[in-house]
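K.L.:
The structure under discussion is supplied below as structure tokens; questions concerning it will follow.
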Amino acid sequence: MEKLSAKWINKRKVLLPENNQPGKEQKERKVEWKMKKNKIRRIVWSLYLLGVLVVAGCGGSSTEEVSEKDYESDDQKTKQDQENQSQAGYVFQIGEIEVAVDMDISLIEEKLGEPDSYFEQPSCAAQGTARIFTYSSFEIDTYPDGEKDLVGSIILKDDNVATAEGIDLSMTKEDILAVYGENGKEEGNSLEYEKDGMKLCFILEEDKIVSIEYRSKVF
Amino acid sequence: MLFTSYGFLLFLAVVLILYYGLPRRFQWPLLLIASYVFYGASGIGNLCYILATTLATGLLACKMQDVSDAQSKWLKGKGKEASREERKAYKQRMKKKRWRLLLLCLAVDVGMLAVVKYTGFAVSNLNVLIKALGSGRQLTFFDIALPMGISFYVFQAVGYGIDVYRGKYRAEENLFRFALFVSFFPQLIQGPISRFDQLSPSLFAPHKFQTRTISLGLQRVLWGFFKKLVVADRLIGAVGMLTKDTQTYEGCWVVVGMFLYAVELYADFTGGIDITIGIAQAMGITVQENFIRPYFSKSVKEYWNRWHISMGSWFTDYIFYPVSVCKPMLDLSSFSRKHLGEQAGRRAPVYASCFLVWAATGIWHGAGWNFLVWGLSNCAVLLVSQELEPLYRNFHERFQVAGTFGWRLFGVARTCFILCCLRTFDCYRDVPLTFRMLGSVLTSWNWGELFSPGRILELGLSWADYGVVLLGILLMLGVSLWQRKGSVRGQIAQKPYWVRFALWLSLFFMVIVWGSYGIGYEASQFIYNQF
Amino acid sequence: MEELREGLLEILEEMHPDTDMASCKGLVQDKILDSFDIITLITRIREAFDVVVPADRIVPENFNSLDALTKLVDRLLEEE
Amino acid sequence: MRRKEGEPVGGKDIIRNRALRIVVSAAVLLAAFYLLQRLFMPKYMSSVVEGAMIAEYYGEKKDHDVIFIGDCELYENISPLVLWEEYGINSYIRGSAQQLLWQSYYLAEETFTYETPKVLVFSVLAMKYDEPQKEAYNRMTLDGMRWSASKVASIKASMTKEERFVEYVFPLLRYHSRWSELTKEDFQYFWKRKKVTHNGYYMRVDSLPAKDVPKGRPLGDYEFGEQAWMYLEKLTDLCKKHGVKLVLVKAPSLYPYWYEEWDEQIKDYAKEHGLAYYNLLEAADEIGLDYQKDTYDGGLHLNLSGAEKLASYFGNILAKDCGLSSRRGEEALEQSWRKKRELYNGEALRQMDQQEKGSFTGK
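Protein chains in written order, with this note's numbering: chain A, 8 to 226; chain B, 14 to 544; chain C, 18 to 97; chain D, 182 to 544.
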């Protein structure tokens, strides 16, 4: 094989493209000018490129979330929902029954027994009925979602029931801050904490708790 | 901005009116502005990515062009006297210079794409590795929002860069023109990945107002909307439920999921591409076909020549051939031919480059193990079918079935089945889960469930919806069969005016009435936007 | 040019002794040369003539017949 | 001029044909779109009636003394017929389900383009909503309105996040998904709609005694929202500009709970702007309302007997405080109200015997 290639190389003729007709200085100058123009433009662009790359660097960090429905993000969401059901967020304990907002009322309706008073509020133009169950020391309101009724809010009415974290109506603002920390949202005389889509809201009158309410994100 | 939003329709109408309203020399600058407005609408932050890609590639390509111009000028001028060795050394030096410029261009483009798209994936796997090694420290990563369509325009720019490096065509001097090539809005979000020499002639040429081309283009856009809104988006909910709720929907439901996903994917991709090509055609610009009746292909190899053609040809031209011809690969080939014998020598480079190409295709689709495994299994199927060639050949010698309709039908069915199984990686997005679900088709035999009343309705589709999907499938099938005899719209255009008008009017109202858009339907999303 | 043609013919015949390489005009079209063979052919050419066929030259026209192949390799050597 | 066969079509003809073809095609397209839209728009004739209320006003003769504007606390609790028969006051209720404050304001603005009543009565419960609520209610209130600047402004103020303005301009884009739910009613009322109210009053004859109506729970913040205050001020200025006396009223519904703090704020506002404010909830005994017989849904809304009691009480206030003289004796009005009385009685009888048969569904 080697013999073949060596012989081949030195025998090759050099073909040269002959240059075309004389007298193109004028065209030469035009091309010259065009090259210069492009050169200037390119320098300007490269400066711009540097600027942009810097922006791209920081741009990368500042791009806000593109609202993109992505199967992956759905996975995380559904996993997160499952967690909600089990233990995350603020859940109200009565005996061993767990009542969480956005939960289907029919699951716990029998267990909670006969409510002291029951009121139905059919919304105007038949857009679903809200139901209010009032028990001895707490009240549960539901909101319609398709055929099901989901728990909209749980209101604690007296101090022989408490939140899972041990706060009840007899306590004061300091107790809340001690247990739930400082990052609550204060609005008017309400102090609201949120965890995994569940809101826990304390209504105060001069540091005295007037009402404790678990509220779903829907309200 | 999504193709199926009211905003986009208004934007398109305005662009078309301006396009044919303004004097023809303003046409392509108008498109450039429109493309940046279109892309900016989905997030101002994204603009800096496309700007970075455009400028890096455009400038470096011009530089490469300067170097090769200088080289040919030198060869014509002083080079004549120089000896062969000197000329060869000079050419090598110049090639080395261009190679460095190309590397810089690739570094910027592919680097940016990798940073934006794969940091999350890389870091999370590193964390897994670190945890496996026992150290508690976990790397936190910066979850950068993935700008839409970045994979498409970056690859398009890279293809342009490589072509200029190879000297296939001259680099575009005017950076604005190049910016338009990269950011041409119909193909910005989901391709096709066009080649500069194919797109630029019609992209930059002035176009006269011709009702024929405009109506043909808009008809194709309407057909794209029909597939997208009436068929694809109607199935998103059902497919989503089937792929998410894997406890209840296994066994026969996996097969149902496969079928629905195949229909949804086809309608979504080809619908989107129809809209893209339709809009371009309405502006007199020709964009390459990206899907040619893929579900009629009789072998997986043929399928990948008909499905997402621009991506397939991009990977072949810019990864498969360069890799299989580069030095290390050739050394591998000669090495294996010497030591492992003739047959291994033939196969080694092809296997290696095929493996590389499909791994790249997989990863390009998304940062996830399931995409990688999807790519590699495709590669495995292709190589195995290539190996079995001799087996097929003597099978055909014994049974003369090759040309018969039955055999072709079997080929189509076999290909569809194989690809539906491969697509499940895309659906379940988790490799072990996918294998478990595929297994469950055989293990948990619950076909009875499929026919128990009401069970199929739990997927969120009423009988009426299933009827519409069936009609959609039949229409798409009919059009594909008709298309084999030449362009369908062309043949319709021969019909008398009122017949055509009635046809397009009924399609228009089918989209308006049966389209799944507006309140109550989630914002319909092009699946390809996530890639 | 002539030795080049013989060299190439030698290589082709080695890969596919059964087909008449000299006259056949559709090596790629008729699927005689598949992607395996093309790459092996390129490796052989590199060993024989010390020239590498760049990726963008790998198009059916250049590999369809012995003459086309000879012209291709000749042009490549020319550009050396 | 008949063209003989075989004669080539002149240049002018081609253009004429082409133009004709475009015009006819456009006409066919628009007509088809319009007809489909009329078909798919919900008719609100039998199941949910509240959606058809707003549109009925346009068919009425427009010289009312009193216009009521507000949500179900007005259109279910007061009967204009009694106001006419006992006090000769010609009134109309432009009410709709959960009508929000800004929707009431823009309705008033639109009404004043048709007529200038002496008194505008506004139900203040809507003050408790400060941002857009539900798409279904928006559609029921806004789709019935005729297109005007007020409607455009009202849509913009009421749209929730996922609503699009173009879906109000072309309701087919919103209701196209009803294609699989069309009923006989959609075809029967394609062109003509039947009346569902009596001058805006939605009659209910059945009764359900009120029990266990829950007391309102403590709120975090009793202040009405700025959006609410802003539109109340705009309504006040609008009435002042048109010389219409604005009367604020809280209907005697037991639920949703009307907090003391809310009442205080309305009283202060009324005093400040010199408006009359009547809390009919406190005046329930004076009106003679018995929540065991006068309400059809346990205290939320009054039934026919309740509405008539309230009308006779409130008519007295309107006559005395607002100085409305009786217009009994005007031939045109007498005649039209006589017809309305027949419809009124007919409806009451229909609902009563349906109730005996137990097939009464409230509509």
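Just so it is clear, CB atoms sit at the ideal spot from N, CA and C, and this is done for glycine as well.
Compile a chain-ordered list of the residues in the stretch 53-71 of chain C whose CB is closer than 8 Å to at least one CB of chain B.
P.N.:
If the cut-off is 8 Å between Cβ atoms, the stretch 53-71 of chain C has F53, D54, I56, T57, I59, T60, R63, E64, V69, V70, P71 near chain B.
K.L.:
Which residues in chain D sit within 7 Å of F145/A, going by Cβ to Cβ distance?
P.N.:
Within 7 Å Cβ-Cβ: nothing; F145/A doesn't reach chain D, min ~11 Å.
K.L.:
Using beta carbons (cut-off 7 Å, strictly below), is E343/D in contact with chain A?
P.N.:
With 7 Å as the cut-off, E343/D does not count as an interface residue toward chain A.
K.L.:
Given that G528/B touches chain D, what residues does it touch there, using C-beta distances under 8 Å?
P.N.:
Those are H357, listed as they occur along chain D.
K.L.:
Compute the distance between the beta-carbons of L485/D and M384/D, then report whether it is under 7 Å.
P.N.:
Yes, the pair counts as a contact, with Cβ atoms nearer than the cut-off.
K.L.:
Taking C253/D and G276/D to be in contact with their CB atoms under 8 Å, please state how far apart those CB atoms are, rounded to whole angstroms.
P.N.:
Going by Cβ atoms, the distance from C253/D to G276/D rounds to 7 Å, so yes, they are a contact pair.
K.L.:
Identify every residue that forms a DSSP beta bridge with K215/A.
P.N.:
DSSP lists T179/A, E212/A as partners of K215/A.
K.L.:
So which residues on chain B does D73/C lean against when the C-beta distance must stay under 7 Å?
P.N.:
Near D73/C (Cβ distances below 7 Å), the residues of chain B are R179, K181.
K.L.:
Using the three-state DSSP reduction, which class does Y49/B fall into: helix, strand or coil?
P.N.:
If DSSP states are grouped into helix, strand and coil, Y49/B belongs with the helices.
K.L.:
Starting from D156/A, trace the beta strand (DSSP E) in both directions and tell me its first and last residue.
P.N.:
That run of the beta strand (DSSP E) goes 155-163.
K.L.:
R355/D and A236/D look like a contact to me (Cβ under 8 Å); what is the Cβ gap, rounded to whole Å?
P.N.:
That belief does not hold up - the Cβ atoms of R355/D and A236/D are roughly 17 Å apart, past 8 Å.
K.L.:
Closer than 9 Å, Cβ to Cβ, to anything on chain E: give me those residues from the stretch 313-328 of chain D, in chain order.
P.N.:
No chain E appears in this structure, whose protein chains are A, B, C and D.
K.L.:
Going by DSSP, what residues sit across from E193/A in a beta bridge?
P.N.:
Bridge partners of E193/A: L198/A.
K.L.:
Between L427/D and C420/D, is the Cβ-Cβ spacing less than 7 Å?
P.N.:
Yes, these two residues count as a Cβ contact at 7 Å.
K.L.:
Does G531/B have its Cβ less than 7 Å from a Cβ in chain D?
P.N.:
With 7 Å as the cut-off, G531/B counts as an interface residue toward chain D.
K.L.:
State buried or exposed for H409/B, treating a residue as buried only when at least 16 other CB atoms are found within 10 Å of its CB.
P.N.:
Classification for H409/B: exposed.
K.L.:
From L73/B, Y103/B, L72/B, E98/B, pick the residue whose C-alpha is nearest to that of K86/B; which is it?
P.N.:
Measuring from the Cα of K86/B, the nearest candidate turns out to be Y103/B.
K.L.:
Along the chain, where does the alpha helix (DSSP H) containing L220/D start, and where does it finish?
P.N.:
That run of the alpha helix (DSSP H) goes 192-221.
K.L.:
Along the beta strand (DSSP E) that carries S272/D, what are the first and last residues, could you check?
P.N.:
Per DSSP, S272/D belongs to the beta strand (DSSP E) from 272-276.
K.L.:
Using three-state DSSP, classify L23/B as helix, strand or coil.
P.N.:
L23/B: helix per DSSP, three-state reduction.
K.L.:
Please confirm if P151/A has its CB atom under 7 Å from at least one CB of chain D.
P.N.:
Closer than 7 Å: no.
K.L.:
Going by beta carbon distance, what residues of the same chain come within less than 7 Å of T447/B, once the five residues before and after it are set aside?
P.N.:
Cβ within range, chain order: N383, T437, F438, Y441.
K.L.:
In the DSSP output, what is V428/D paired with across the bridge?
P.N.:
Its beta-bridge partners are V302/D, A457/D.
K.L.:
Just to confirm, are T60/C and S349/B a CB contact at a threshold of 7 Å?
P.N.:
No. Outside cutoff.
K.L.:
Cutting at 7 Å between CB atoms, please list the residues of its own chain near L188/B, excluding the five before and the five after it.
P.N.:
Once the five neighbours on either side are set aside, the close Cβ partners of L188/B are G71.
K.L.:
So E348/D contacts chain B; which residues on that side make the cut at Cβ distance below 8 Å?
P.N.:
Within 8 Å Cβ-Cβ: G531, I532.
K.L.:
I need the boundaries of the alpha helix (DSSP H) containing D82/B, first residue and last residue.
P.N.:
First-last of the alpha helix (DSSP H) with D82/B: 57-89.
K.L.:
Quick check on this structure: which residue in A506/B, W495/B, W377/B has the alpha carbon closest to the alpha carbon of F165/B?
P.N.:
The candidate whose alpha carbon is nearest that of F165/B is W377/B.
K.L.:
Taking C-beta to C-beta, are L157/A and D166/A nearer than 7 Å?
P.N.:
Not a contact, by the Cβ cut-off of 7 Å.
K.L.:
Please classify T378/D as buried or exposed, where buried requires at least 16 neighbouring CB atoms within 10 angstroms.
P.N.:
Buried is the call here.
K.L.:
Can you name the residues of chain D whose CB is closer than 9 Å to the CB of I202/B?
P.N.:
Near I202/B there are no residues of chain D at all, since even the closest Cβ is about 21 Å away, more than 9 Å.
K.L.:
If we count the other Cβ atoms within 10 Å of its Cβ and call it buried at 16 or more, is T341/D buried or exposed?
P.N.:
Classification of T341/D: exposed, given that the 10 Å Cβ count is below 16.
K.L.:
Taking the C-alpha atoms as reference points, what is the distance between D534/D and E117/A?
P.N.:
One C-alpha to the other measures close to 38 Å.
K.L.:
In this structure, how does DSSP classify Y125/A when only helix, strand and coil are distinguished?
P.N.:
Strand at Y125/A.
K.L.:
With a cut-off of 8 Å, do at least 3 Cβ pairs link the stretch 169-181 of chain B to the stretch 37-56 of chain B?
P.N.:
Flag = no, the stretch 169-181 of chain B and the stretch 37-56 of chain B do not touch.
K.L.:
Determine the chain B residues that contact W443/D at a beta-carbon separation under 7 Å, and present them in chain order.
P.N.:
Those within 7 Å of W443/D in chain B number zero; the least Cβ separation is about 32 Å.
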